[in-house]
Amino acid sequence: MRRGLAIPIFIIFSCIIISTAIMMRPFGEPKSTEMDDYIIKNAQNETGANNAVTSVVFDYRGFDTLGEATVLFTAVAGVLLVLRRYIHE
Amino acid sequence: MSEPSKIVKTIASIIFPPTMVFGIYVILHGHLTPGGGFQGGAVVASAITLLLVAFGTAEIARRLKESHLSVIESIGALGFISLALLGLTATFFYNFLAGSGFIFGRIPPFGSNPGDMNTAGTLPLMNISVGLKVIAGLFAVVLVLAFVARSKGGGKR
Amino acid sequence: MIQNLPYIAVALLIIIGLYATIFKKNLIKIIMGITILESGVNLFLITLGYRKGAVAPIYTNLPEGTKVPQSLTFPVPQALTLTSIVIGVAVLALMLAIAVQIYRKYRTLDVTKIRRLRG
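In order, the protein sequence lines correspond to chains A, B and C. Residue numbers are given in my numbering: position 44 of the first sequence equals residue 817, and the series is strictly consecutive. Residue numbers are given in my numbering: position 52 of the second sequence equals residue 443, and the series is strictly consecutive. Residue numbers are given in my numbering: position 15 of the third sequence equals residue 36, and the series is strictly consecutive.
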C-alpha cells in the first residue's frame with residue numbers, strides 16, 4: 774500500500790524537477806554577480822592569496838570551514854565509536 | 392587471505408613516494424594553485440591506503456596505531472582553532488599576517504602573476520593544519536574498516 | 022533546452038539517487054543512492070557559478086587577455102561545494118560503519134527483514 778503511494782509521488786516529483794531544469798535561466802549567464810565580483814577583485818589585496826577559492830574557504834567564510842571541520846571530526850569519532858570492538862582483535 | 396604478490400608490493404613501494412610528494416605539494420601550494428588542505432589530505436591518505444592494500448593490515452597497524460592518528464587530528468584541529476583565535480584583535484578569523492611583512496606576509500601584485508610562496512598570511516598555515524586533520528581522519532576511517540574486513544566472520548552477536 | 026543541458030543532468034542525477042533511495046531494499050544500494058543524490062547537488066552548485074567562457078578564479082599564470090572579473094567563475098559556490106564534498110565523505114564513512122554493524126547483528130542487509138527497526 775505504501776509502495777502504491779510512493780510511485781505516483783515519485784513520478785510527480787521527477788516531472789517537477791525536470792521542468793524546473795528546463796525552465797531555469799540560461800546556463801552560463803548569472804543574473805546577480807555583485808558578491809562574487811567583489812571577492813574576485815579584492816581577494817588579492819585583502820588576503821594576499823592568488824587562489825580566490827582558498828581565500829573564500831579560509832578567510833571570508835572561515836566559520837563555514839570551522840563547522841565543516843567539526844563535522845569531519847564528529848564523523849570520524851562516530852566511526853571509531855561504532856566499530857570500536859574490531860580495533861583490538 | 393593470501394599474501395599479495397611481489398609485483399604488487401614492488402609497484403606500491405615505487406608509487407608511494409611520488410604520490411606522497413604530490414599530496415604535500417598540493418597542500419603547501421594551496422594558496423597559489425588549485426588544491427588546498429582537503430584535496431592534498433585526500434591524496435596523502437590515499438597514498439597510505441595504497442601501502443595498506445599492498446602490505447596488509449597487520450604490517451601497517453603494527454607501526455601506526457589509531458591513537459597516533461587521533462593525536463594528529465587533534466593537533467590539526469587545535470592549530471586551526473588557535474590560528475582563528477589569534478586574529479581576535481580584530482575579529483574571529485581575521486587574517487593578521489597578510490601584508491604585515493612577516494612570514495607569509497607579502498601582498499602579490501594585482502592581476503596575473505607567476506605566484507609567490509611567501510604570500511597569503513594565515514592561509515598556508517590553515518591549509519597545513521586542515522591537511523593534517525584530513526589525513527588523520529580519512530586514514531583512521533580506512534584503517535578501522537580494514538580491521539573490520541580482517542576480523543574472522545564476525546559471528547558474535 | 023540544449024543550453025540547459027547541465028541542469029537536466031543535475032535533475033537526472035537527483036532523480037536516480039532518489040529512486041535508489043526510495044525503491045531499493047539493499048542497504049548498500051540505498052547508501053549509493055544517497056551518494057548519487059549528493060553529487061547531483063554538488064554539480065548543481067558548480068553549474069550555478071559558471072560564466073560563459075570563464076576560467077577558474079586563480080591568478081597564478083592567468084591566460085592572456087582574461088578580463089577581471091568578467092571571465093572568471095564564481096569562487097563562493099566552488100568553496101561551498103568543497104565543504105559539501107568533505108561533509109559527504111564523512112557522512113558516507115559513518116553510514117558504511119553503521120551498515121557494517123547492522124550486518125554483523127542481523128546477518129542481512131535487506132531493510133524489510135531487519136525486524137527490530139520496524140516501528
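Beta carbons: idealized from backbone N, C-alpha and C, even for Gly. Since the structure is predicted, the reported quantities are computational estimates derived from the model, not experimental observations.
Cβ-Cβ separation, residue j to residue i (assumed contact under 8 Å), whole Å
{"i": "C:THR94", "j": "C:ARG72", "result": "6 Å"}
{"i": "C:PRO96", "j": "C:ILE67", "result": "With 8 Å as the limit, C:PRO96 and C:ILE67 do not qualify as a contact, their Cβ atoms being about 12 Å apart."}
{"i": "C:LEU115", "j": "A:ALA848", "result": "5 Å"}
{"i": "A:VAL830", "j": "C:ALA100", "result": "5 Å"}
{"i": "B:LEU460", "j": "B:THR513", "result": "So it is not a contact: roughly 25 Å between Cβ atoms."}
{"i": "B:LYS524", "j": "B:GLU464", "result": "5 Å"}
{"i": "B:ALA445", "j": "B:VAL412", "result": "Not confirmed; about 18 Å, so no contact."}
{"i": "A:ILE795", "j": "C:ILE29", "result": "7 Å"}
{"i": "C:ALA41", "j": "A:ILE791", "result": "Rounded, the Cβ-Cβ distance is 17 Å, inconsistent with contact."}
{"i": "B:ASN518", "j": "B:GLY428", "result": "4 Å"}
{"i": "A:LYS814", "j": "C:VAL89", "result": "7 Å"}
{"i": "B:LEU534", "j": "B:ALA452", "result": "7 Å"}
{"i": "B:VAL417", "j": "B:GLY426", "result": "4 Å"}
{"i": "B:GLY431", "j": "C:TYR80", "result": "At roughly 20 Å, the Cβ-Cβ gap does not stay under 8 Å, so B:GLY431 and C:TYR80 are not in contact."}
With 16 other Cβ atoms within 10 Å as the buried cut-off, status of residue i
{"i": "B:VAL462", "result": "exposed"}
{"i": "C:GLN24", "result": "exposed"}
{"i": "B:MET508", "result": "exposed"}
{"i": "C:ASP131", "result": "exposed"}
{"i": "B:ARG454", "result": "exposed"}
{"i": "B:LYS547", "result": "Confidence is the limiting factor: at B:LYS547 the pLDDT is only 45, short of 50, which leaves the residue's position unreliable, though a coordinate-based value still follows. Under this definition B:LYS547 is an exposed residue."}
{"i": "B:ALA540", "result": "exposed"}
{"i": "C:GLN91", "result": "exposed"}
{"i": "B:SER458", "result": "exposed"}
{"i": "B:LEU469", "result": "exposed"}
{"i": "B:PRO408", "result": "exposed"}
{"i": "A:GLY841", "result": "In the sequence on display, residue 841 of chain A carries Glu and not Gly. Result: buried."}
{"i": "A:TYR811", "result": "exposed"}
{"i": "C:PRO78", "result": "buried"}
{"i": "C:GLU59", "result": "buried"}
{"i": "B:PRO499", "result": "buried"}
{"i": "A:SER805", "result": "exposed"}
{"i": "B:ALA449", "result": "exposed"}
Partners in chain C for residue i, counting only beta-carbon separations shorter than 7 Å
{"i": "A:SER787", "result": "ILE36"}
{"i": "A:ARG857", "result": "Within 7 Å Cβ-Cβ: nothing; A:ARG857 doesn't reach chain C, min ~10 Å."}
{"i": "B:ALA423", "result": "Checking the sequence, you will find Leu at residue 423 of chain B rather than Ala. Ordered by position in chain C, the residues that pass the 7 Å Cβ test against B:LEU423 are THR81."}
{"i": "A:ASN824", "result": "ILE79"}
{"i": "A:PRO740", "result": "Nothing can be reported for residue 740 of chain A: it is not among the residues displayed for chain A, which extend from 774 to 862."}
Any C-beta of chain A under 9 Å from that of residue i
{"i": "C:PRO84", "result": "no"}
{"i": "B:ARG548", "result": "Because B:ARG548 sits at a pLDDT of 41, beneath the cut-off of 50, its placement in the model cannot be relied upon, and the point is left open."}
{"i": "B:ALA511", "result": "yes"}
{"i": "C:ILE135", "result": "no"}
{"i": "B:PRO409", "result": "no"}
{"i": "B:ILE415", "result": "no"}
{"i": "B:ARG497", "result": "yes"}
{"i": "B:LEU419", "result": "no"}
Test: residue i CB closer than 9 Å to a CB of chain B
{"i": "C:VAL89", "result": "yes"}
{"i": "C:ALA75", "result": "no"}
{"i": "A:ASP810", "result": "no"}
{"i": "A:ILE820", "result": "Per the sequence presented here, residue 820 of chain A reads as Thr, with Ile not at that position. Yes, A:THR820 counts as interfacial toward chain B."}
{"i": "C:ALA2", "result": "Since the displayed chain C opens at 22 and closes at 140, residue 2 of chain C lies outside it and no answer follows."}
{"i": "C:ALA111", "result": "yes"}
Contact list for residue i against chain B, beta-carbon separation under 9 Å
{"i": "C:LEU103", "result": "GLY427, PHE429, GLN430"}
{"i": "C:LEU117", "result": "VAL532, LEU536"}
Cutoff 9 Å: residue i Cβ touching any chain C Cβ
{"i": "A:THR793", "result": "yes"}
{"i": "B:GLY470", "result": "no"}
{"i": "A:THR847", "result": "yes"}
{"i": "A:THR922", "result": "Missing from the structure shown is residue 922 of chain A; chain A here goes from 774 to 862 and no further."}
{"i": "A:PRO803", "result": "yes"}
{"i": "B:ASN346", "result": "Limits of chain B in this structure are 392 at one end and 548 at the other, which puts residue 346 of chain B out of reach."}
Listed by chain order, chain A residues near residue i by CB distance under 9 Å
{"i": "B:LEU443", "result": "Neighbours of B:LEU443 on chain A: none; closest Cβ ~15 Å, over 9 Å."}
{"i": "B:ALA433", "result": "Within chain A, no residue comes near B:ALA433; the closest Cβ sits about 12 Å away, beyond 9 Å."}
Beta-carbon neighbours of residue i, restricted to chain A and to distances below 7 Å
{"i": "C:ILE108", "result": "GLU841, VAL844"}
Listed by chain order, chain B residues near residue i by CB distance under 8 Å
{"i": "C:ILE97", "result": "Per the sequence presented here, residue 97 of chain C reads as Val, with Ile not at that position. None at all; the shortest Cβ gap to chain B is about 15 Å."}
{"i": "C:VAL121", "result": "LEU536, VAL539"}
Proximity test, Cβ basis, 9 Å: residue i and chain E
{"i": "A:LEU778", "result": "You won't find chain E in this structure, because its protein chains are A, B and C."}
Check: residue i C-beta below 8 Å from any heavy atom of the ligand HEM
{"i": "A:SER805", "result": "Ligands are entirely absent from the displayed structure, and the ligand HEM is therefore not among its contents."}
Under 8 Å from the C-beta of residue i: neighbouring residues of chain C
{"i": "A:GLY764", "result": "Since the displayed chain A opens at 774 and closes at 862, residue 764 of chain A lies outside it and no answer follows."}
- Query: What are the complete alpha helix (DSSP H) segments, minimum 4 residues, inside the region 44-112 of chain C?
  - Reply: 48-69
- Message: Restricting to runs no shorter than 4 residues, where is the alpha helix (DSSP H) found entirely within the region 402-436 of chain B?
- Response: For the region 402-436 of chain B, not a single whole alpha helix (DSSP H) run of length 4 or above is found.
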